[in-house]
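Accompanying notes for the structure given below.
2 protein chains.
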Amino acid sequence: MNTPVDSHDITKPSASRPDITGETRIVAIVGDPIRQVKSPVSFNAEFARRGIDAVMVPFQFPSASFDADMPALMRLANLGGIVVTMPFKTRIMPMLAGFSAAARSVGAVNALRRLPTGDWFGDIFDGVGLIGAARSIGIEPAGLRVGLIGAGGAGSAIAFALAGAGIRSLAIVDQDAARARDVARRIGDAGTTAQAVAALVPGDLDLLVNASPVGMSPSDGLPVDVASLHAGVAVVDIVTRPTTPLLDAARRLGCRHAGGAAMVAAQTSAIIDFLQIGSDRA
Amino acid sequence: MNTPVDSHDITKPSASRPDITGETRIVAIVGDPIRQVKSPVSFNAEFARRGIDAVMVPFQFPSASFDADMPALMRLANLGGIVVTMPFKTRIMPMLAGFSAAARSVGAVNALRRLPTGDWFGDIFDGVGLIGAARSIGIEPAGLRVGLIGAGGAGSAIAFALAGAGIRSLAIVDQDAARARDVARRIGDAGTTAQAVAALVPGDLDLLVNASPVGMSPSDGLPVDVASLHAGVAVVDIVTRPTTPLLDAARRLGCRHAGGAAMVAAQTSAIIDFLQIGSDRA
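So the sequence lines, in the order shown, correspond to chains A and B. The first sequence begins at 65 in the working numbering and counts up one residue at a time. The second sequence begins at 65 in the working numbering and counts up one residue at a time.
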């Protein structure tokens, strides 16, 4: 027993992003279902690029227990941020200490920053993401005739962002016609030509956006009749699957197109800035 | 707008372990404080080695809200396992559907497996870890005179494991003398010579184990008087810091020694087996 032996070394994997240690801050992405989310890959790559000691991990809250259980998660001391996805973007708002004017307009949030008090402040970046996804395929929204499928949390945020980007007109369709009319009225009040419609005619548009969940399940069909769709219409589908029936149709017809991954990529940097978990706090 | 452009590609870091996606199962390590834990590096390397799509992340529950908030975390649908560290190893037991005989003897757990019902089953691996750490520095416990500092959750588990490994005798010291007497009595009842002592004399031992938290804070002193310590005594300190005053003394005197990282390494594989989150469920 005379030979000094050093403490056992733990083998470190040679990962390009930092290892997760006890000091690593957690950023949760919360949704139900959660398997389809693309944000962890995008955020973790960006954390590594910026040298931020944080990791995004998926948290699947059963929808039935979300209201009771989410506040407990929000008290975790080493939780540095929360990204919220369906179906919780509106349900989480009563749990917040405050939210941005954009979140108030839309009635939904998708990113939460921790305040020095430990409470949470919400904002919404779906609009930023949609504009970024459009630009990633060479589409500048200003002056375009846009059709939007879905007037829920993401759809509303996208409608406000498109209006802010100077589109020529917006036609909105939703299974819940009252919801589509409400968003159209508020966009119209803010000075952009907008109307709720019973059905979109893609061929009359410059940009078609699917902000409905149709396409999340492989058995879903198309969210819109694509009989009139042609190569002059750009298509963005925010569903985060490798492809969707709508994107398949767009690809077949030679349309410029982008999917949910492009929207996630465009949101990632903006959300990380918002979270304020840079090296000063890591 | 005529050129077809593929969806934006998200850059994937070329990590040696799999990227975290929406399908990755979460394994939480829960404690307060949490910064000092070494398990995430060890577990994530082993998950990568085995090709298991899981990631260990640290969850710091404020101790005051643990009893109210932990059950919410335990309902997360994509949580594949939980490792429990101080100060929750005993407090978590009422939240479990069951636990092993070893956990019942010790009165503490440090790993939880999810049952098919969604409930949780606990077991304790501190003893397995201590024996493994000793063997990693060439020490086989059978026949040795052992001194143990700390008769809490980890200390009790270590005492039972050492007795099971056939040590010659066990002397136990704890600030709470009744707790030390209780563990000594139970070890003695099981057939191993054991006594609670007011103070250990390291020079009379073959193996000295610190299972108390003394050494976790850099301002902590030594957990035992080392005046009699000599190179013939092996020292294992389960505190998971790069070094501790006790390990410094052991190193200075030429003692074989191992720290908390060696114990974590020895536990990791056994706990991953126990969690049953292999490829069949990943």
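Note that beta-carbon positions come from the ideal geometry of N, C-alpha and C, so glycine has one too.
Only exposed fits B:Gly115, as fewer than 16 other CB atoms lie within 10 angstroms of its CB. At the C-beta level, B:Trp184 and B:Ala166 stay beyond 9 Å of one another. When the Cα atoms are used, B:Leu269 and B:Thr256 turn out to be separated by approximately 16 Å. Going by DSSP, A:Ile222 is part of the alpha helix (DSSP H) stretching over 217–228.
If only complete runs of 4 or more residues are kept, the stretch 152–190 of chain B shows the alpha helix (DSSP H) at 165–170, in order along the chain. By the Cβ criterion, the stretch 296–313 of chain B is not in contact with the stretch 233–244 of chain B, since fewer than three pairs of Cβ atoms, one from each stretch, lie closer than 8 Å. Among the residues of the stretch 145–157 of chain A, none has a Cβ less than 7 Å away from any Cβ of chain B.
By the criterion of a C-beta distance shorter than 6 Å, B:Ala221 is surrounded in its chain by Val170, Ile188, Asp190, Gly191, once the five residues flanking it on both sides are discounted. Bridge partners of A:Thr257 according to DSSP: A:Ser233. Judged by DSSP in its simplified three-state form, A:Gly95 adopts strand.
Excluding five sequence positions before and after B:Val278, the CB atoms of its chain that fall closer than 6 Å to its own CB belong to Asp284, Pro287, given in chain order.
Secondary structure at B:Asp240: coil, using DSSP grouped into helix, strand and coil.
Looking from the CA of A:Ser129, the closest CA among B:Gln124, B:Gly86, B:Leu137 belongs to B:Leu137.
Nearest CB-CB separation between A:Leu293 and chain B: not below the 9 Å threshold. Contact of B:Ala141 with chain A is assigned, a C-beta pair being separated by under 9 Å. Within the stretch 121–135 of chain A, Val121, Pro122, Phe123, Gln124, Phe125, Pro126, Ser129, Ala132, Asp133, Met134, Pro135 place their CB atoms closer than 9 Å to a CB of chain B, listed in sequence order.
Secondary structure of B:Pro122 (DSSP, three-state): strand.
Beta-bridge analysis with DSSP links A:Val101 to no other residue.
If you draw a straight line from the Cα of A:Ile203 to the Cα of A:Leu311, it comes to about 16 Å.
Just measuring C-alpha positions, the residue of B:Ala298, B:Ile236, B:Val91 sitting nearest B:Ser106 is B:Val91. Cβ proximity to chain A below 9 Å picks out Ile93, Gly95, Asp96, Pro97, Ile98, Arg99, Gln100, Val101, Lys102, Ser103, Pro104, Val105, Ser106 from the stretch 91–106 of chain B. Its chain contains Leu317, Gly318, Cys319 as the residues whose beta carbon lies nearer than 8 Å to that of A:Ala295, once the 5 sequence neighbours on both sides are disregarded; these appear in chain order. Distance from the CA of B:Ile251 to the CA of B:Ala298, rounded to the nearest whole angstrom, comes to 22 Å.
Taking 9 Å as the upper bound on Cβ-Cβ separation, chain A lies near no residue of the stretch 168–189 of chain B. For B:Asp83, the neighbours in chain A by C-beta distance under 8 Å run, in chain order, Pro104, Val105, Asn108. From the listed residues A:Pro122, A:Leu339, A:Thr85, A:Ile84, the smallest Cα separation to B:Thr88 is found for A:Pro122.
Neighbours of A:Leu137 across chain B, judged by C-beta separation under 7 Å: Ala136, Leu137. Neighbours of A:Gly86 in chain B, taken as residues whose beta carbon is under 7 Å from its own, are Ile98, Arg99, Gln100, Val101, Pro104, Pro122 in chain order. Assignment of B:Arg245 by DSSP, reduced to helix, strand and coil, places it in the helix class. When the Cα atoms are used, B:Gly193 and B:Gln331 turn out to be separated by approximately 5 Å.
In the three-state DSSP reduction, B:Val147 falls in the strand class (E or B). For A:Asp301, the three-state secondary structure derived from DSSP is strand. Any Cβ of chain B closer than 9 Å to the Cβ of A:Val119 would place that residue at the interface, and such an atom is present. Around the beta carbon of A:Gly182, fewer than 16 other beta carbons sit within 10 angstroms, so the residue counts as exposed. Excluding five sequence positions before and after B:Met150, the CB atoms of its chain that fall closer than 7 Å to its own CB belong to Gly95, Pro277, given in chain order.
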